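Going line by line, the protein sequences match chains A and B. So our numbering is basically just the index in the first sequence, starting at one, shifted up by 8. So our numbering is basically just the index in the second sequence, starting at one, shifted up by 1009. Shown next, in C-alpha cells, is the structure this report addresses.
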Amino acid sequence: MITRRVMLGSALVAAAAVGPAWAALARSGLPPRTINALLIDRTIPLPRTLAALIETDRQGMPVVDLTLDAGAHSALQQTLRASGAVVGISCGATLFCVERMAWDYGHRLTARTQRSSAASGDWDGDLAAIAGGGTVSQPPAYAPSRSDGLIHVWMIERKRSARSGSAGWL
Amino acid sequence: MKLPPNVSHADFAAALAQFAAVVGHDWLFTSDEDLELYRDSYSVNWGEADERTASAAIAPDSAEHVVELVKIANRYRIPIYPISTGKNLGYGGAAPALAGSVVLDLKRMNRIVEIDERNGYVVVEPGVSYFDLYQYIQDRGLKLWIDCPSPGWGSVLGNALDGGVGVTLAAYRSHFDAHCGIEVVLPNGRMMRTGMGAMPGAKTWQQFKPGFGPRIDGLFKQSNYGVVTKMGFWLMPPPENIARGVVTVPQYRDIIPLVDTIGRLEQSKIVQGLWTLSSPTLGTRGDAAHDAGPPAPADPALFAILSDPAGVDMAKLQMAASATGTPFWSAEFTLYGPKRLIEAQWACIAEALEHIPGAQCKLGPVRPLPLPADELAKLFDTGPLGIPSLRTFGLGPMVSYDGEDVVGHVFFSPVIPRTGEAAIEAMDVFAAITRKYRLPGPPLQFPSAIFERAFLFAIGLPVTRSATVNAKIRAIIRELVDVSTARGWGEYRTAPAFFDLIMETYSYNDHALRDFLETIKDAVDPNGIMSPGRYAIRSGQAATKTDHL
Ligand SMILES: Cc1cc2nc3c(=O)[nH]c(=O)nc-3n(C[C@H](O)[C@H](O)[C@H](O)COP(=O)(O)OP(=O)(O)OC[C@H]3O[C@@H](n4cnc5c(N)ncnc54)[C@H](O)[C@@H]3O)c2cc1C
C-alpha cells in the first residue's frame, strides 16, 4: 500500500523540477505516479479535514485553484501543458470540465474515487490511493454535478496514445 | 475498424494513409481510445445502435491542409465532419451527424489572424476559443470586448456557425450576425472568400458585410456546404460602466404590457443590453444560465401553491402574492456605457414602464468597468461583463431522473413570438409537459429575450446512460415538437438526433426550403462528403423532387 508520504515524496521531486526541465520531462512522458500539481476545486466548500490536508500539501507541491473562470483557465492550461500527471479534488461538474480540457493536452482521467462531502472520510487514504496507484473504488461513470454532495478525488495523466500528439496538441 | 457507410475497407485504408501523409501520423486518430473523445458526452442515443460515432479523426494545422484533405475525401467518397472546438454540448458535442464520418478536428488551427482595435474586428481560425480570444486581448491591453456564450471553451467561429448566442449588447449577441467575412474550403476543395474578401487585396473584408452581388454568408450557418477556415467578427469597445436596473410589476398578466413596452424600447435601441424576466413570486429567475441560481420563494404560503402536483393555480398564486405584497414579475436590465447615457436610458425605460399600474423602477449603482477581481470571483457568470467562464456547468442539480444518474442535457429550443400572450401560452404548455413527465426544473420556466425580436425557450432535458430513459426523453422531445409546431413555434437549433424531426416541421409548400437546400447541396457537393445529414441536408435527395423547381 502506497502511503501519502510516498505520494508527497514524488510530488516534491516534481515540484523541485519546476521550470524548463519540468516541461521537458512532461513532454517526454513522465514515469508513472510522479504528481506535478494538486488541483483544488474552489467552487465548492471542502470538508474541514480535507481542507487542512490540502494546506499541508500546498507546501509540498504546486496547487492550482479551480474556479472555472478566465483567470483560472489560463493557469490550468499551463499546468496541463506542462504536467505528466495531476491529482485533483473537485465536484463532478468541475471534473467534467477539467477532464475535457485535459483531453486537448493528451491527458486522460485514469483514476477516480468519490465520497460524500458530509461523511467524515479517509481523505488522506483516498489521496494516497489515487496518487500512488493503490486500489480505489471507482464507479464507472460520475454525475457531472455540483450539488449532489459528492467530492471526487482523481488523477489525470498524459497518455502515450496517438492523440497525445508527441508534438503537443495545443 | 469502423467504416464510413458505403466505403470499402481498402478505400478507407487508402484514404487514411493519404490523410496521414498530409497532416502527419500523429494527427490521424483511429484507435477506440482516441475516438471515444469524439463521442457526444450528452448523447441521447449513448451506446445504442444509432449513436453517431466517428470512424476516424484528423487534425489539420492549416487551410492548405484542409484543401488537401477535402480532395482526398472526394476521391474516396469519405464523409467528413468538420468541428472547431467540438464543445457543442446539448446540441451534439463533437460527434458527427452521420455515423462513420471522419471528424475533421480543427482545434489546432487556433491562430488569431488579425485583430484591429481601431475598427473593432478580429479574424480567427476555427480553434480559437472565447477564452483564447479574451486572453489575447487582455495580454495586449487592447480596448476590445467580446460577447461570449455561457461556456467559454467553445470556438468563436464554431459557435457562430451553429447559430450560437451571447449575453451582452443586441448587436453582438447573435454571433453569426456579428460576423463579417468568411473563408471556406468548398466540398470540391476550392477555397472561397465571401463579401469583400472575394476581391484580392481588399482592404475592407471585415468592414462591409454585403460585398458585391448576392450575400451568401448565410448559407454557411447550420449547413454543410464547406469547411470554414477563417471568419471575421465585429467586436465592441469596452463600455465605461455597467448598471443593473429592475422594474417590478404586480400582476401575472402584467407580462403583456411589460413585454410590449420593452419591445418598443428595444426596437428604438434604447434597451440594448440583455434583459431578463424573473418572478419574485415564483422565486424563479429567467436566463438562469447567465445569472445567479433561483432564490427560494419569498413566502411559505406561496410555496404550498407552487408545489401543487396538479399544477400552479395562477389565480390563487396571484391572490397570495398580492396579499404578501410580492410583485409577480421583475425585468432586470443590464445597461452599458457612459454614466450619462445609462442614466438617460434608464429615465426612458422608467418613464415608459411606469404606465403599468403598480410598476416600481429602480436603477442600481452605475459601476465603472472593469469590476474588481474579488467581485468578479463572486459572480456566478461573468458573460455579461464580456468575460468567458465555465461556471454554467455548476448550475442545476444534474442529479437523477427516473432513477438514473443525469449525465447532461439535450436542448429543446423553440422560438416564441415576443408577446406576453405567447409567453403565457408557452409557459403553460411547457409546464404541463414538465409536470406530466416529472422533469427537473422550476414550476414555470421563463422565456429568454436573447434574440432581438422573438423569445427563446431553451429547455434542457435530462440525458442519462440508460437507453430506456433516453428513449423516453426522445419521445418527450417529439411531443414538445408536436405541440410547438401546432402553435407555429419552430426550433432555432437542435442536436443531430433531431435534425430530421425539426427540418420536417419547416415544410412550407411541400418542403420548398429543404428541396432548395438539397439542390444547392447536389451542386456544390455531388459526392455528399461534407457533413452529410447536418441540419437534415443531404446530397442526392433533390433529383426526385425537380418537378417542384
Ligand atoms: C450548460 C450549457 C450552456 C450553454 N450555453 C450556451 C450559450 O449561452 N450560448 C450558445 O450559443 N450555446 C450554449 N451552449 C451550447 C454549446 O455548448 C455552445 O454553443 C458551444 O459554443 C458550441 O460548441 P463549439 O463552440 O465547440 O462549436 P463546435 O462544436 O466546434 O461547432 C458546432 C458545429 O458547427 C459545425 N462547424 C464547426 N466548425 C466548423 C467549420 N470550421 N466548418 C464547418 N462547420 C463547422 C459543426 O457541424 C459542429 O458540430 C451551452 C451548452 C451547455 C451544455
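Using N, Cα and C, we set each Cβ at its ideal position, and we do this for glycine too. Remember, it's a predicted structure, so these values are computed and weren't measured experimentally.
Contact annotation: P70 (chain A) and A45 (chain A) have beta-carbon atoms nearer than 8 Å. A78 (chain A) is positioned such that its CB atom lies closer than 8 Å to that of S1398 (chain B). Relative to ligand 1, P1456 (chain B) has its C-beta separated by 7 Å or more from all heavy atoms. Separation of D1383 (chain B) and P53 (chain A) (C-alpha to C-alpha, rounded to the nearest whole angstrom) is 17 Å. N1119 (chain B) has its Cβ no nearer than 7 Å to any heavy atom of ligand 1. Within the same chain, and ignoring the five residues on either side of K167 (chain A) in sequence, the residues whose Cβ sits closer than 6 Å to its Cβ are R116. Judged by beta-carbon spacing, L74 (chain A) lies beyond the 8 Å limit of D112 (chain A), meaning their Cβ atoms are not closer than that value. Here the region 1422-1433 of chain B does not lie against the region 1211-1230 of chain B, with fewer than 3 beta-carbon pairs under 8 Å apart.
One thing to note: Y1261 (chain B) has its Cβ no nearer than 8 Å to the Cβ of F1185 (chain B). For Y1517 (chain B), the number of other beta carbons within 10 angstroms of its own is below 16, and it is reported as exposed. Selection A:T87, A:R56, A:A119 evaluated against V72 (chain A) yields A:T87 as nearest (Cα-Cα). Look at P1397 (chain B): its C-beta is under 8 Å from a C-beta on chain A. Within the same chain, H1184, F1185, H1188 come within 6 Å of A1169 (chain B) by CB-CB distance, once the 5 residues on both sides are set aside.
P1471 (chain B) is bridged by DSSP to B:H1418.
Approximately 5 Å separates the beta-carbon atoms of V1256 (chain B) and C1370 (chain B); this is inside 8 Å, confirming the contact. If you draw a straight line from the Cα of T1477 (chain B) to the Cα of V1419 (chain B), it is about 16 Å long. The beta strand (DSSP E) runs lying completely inside the region 1146-1217 of chain B and spanning 3 residues or more are 1188-1194, 1200-1202, given in chain order. For S124 (chain A), the Cβ stays outside the 7 Å cut-off from all heavy atoms of ligand 1.
At a threshold of 7 Å, R1202 (chain B) does not count as near ligand 1, since its beta carbon sits no closer than that to any of the ligand's heavy atoms.
In the three-state DSSP reduction, A1066 (chain B) falls in the strand class (E or B). Taken from the Cβ of A1103 (chain B), at least one heavy atom of ligand 1 lies inside 7 Å. Of the candidates B:V1137, B:W1036, B:L1115, B:V1137 places its Cα closest to the Cα of V1122 (chain B). Counting along the chain, C1370 (chain B) sits inside the beta strand (DSSP E) bounded by residues 1369-1372. For H160 (chain A), the nearest beta carbon of chain B is not closer than 8 Å to its own beta carbon. Sixteen is the threshold: when 16 or more other Cβ atoms of the shown chains lie within 10 Å of the Cβ of S1493 (chain B), as they do, the residue is buried.
By the Cβ-count criterion, F1038 (chain B) is buried, with 16 or more other Cβ atoms from all chains shown falling within 10 Å of its own Cβ.
In this structure, the CA atom of I1067 (chain B) is about 58 Å from the CA atom of A1368 (chain B).
CA-CA distance, I1092 (chain B) to S1287 (chain B), rounds to 35 Å.
In its chain, beyond the 5 residues on either side, G1254, L1372 have a beta carbon closer than 6 Å to the beta carbon of W1355 (chain B). A direct Cα-to-Cα measurement between F1217 (chain B) and L1267 (chain B) gives close to 36 Å.
In the structure shown, P1393 (chain B) falls within a helical segment according to DSSP collapsed to helix, strand and coil. Under the DSSP assignment, E1057 (chain B) falls outside any alpha helix (DSSP H); it carries neither an H nor an E label. When secondary structure is reduced to three states using DSSP, V1031 (chain B) falls in the helix class.
Per DSSP, M1240 (chain B) is one residue of the beta strand (DSSP E) stretching across 1236-1243. For V1133 (chain B), the enclosing beta strand (DSSP E) starts and ends at 1130-1133.
Contacts between A137 (chain A) and chain B, judged by CB atoms closer than 9 Å, are missing: the closest CB pair is about 23 Å apart.
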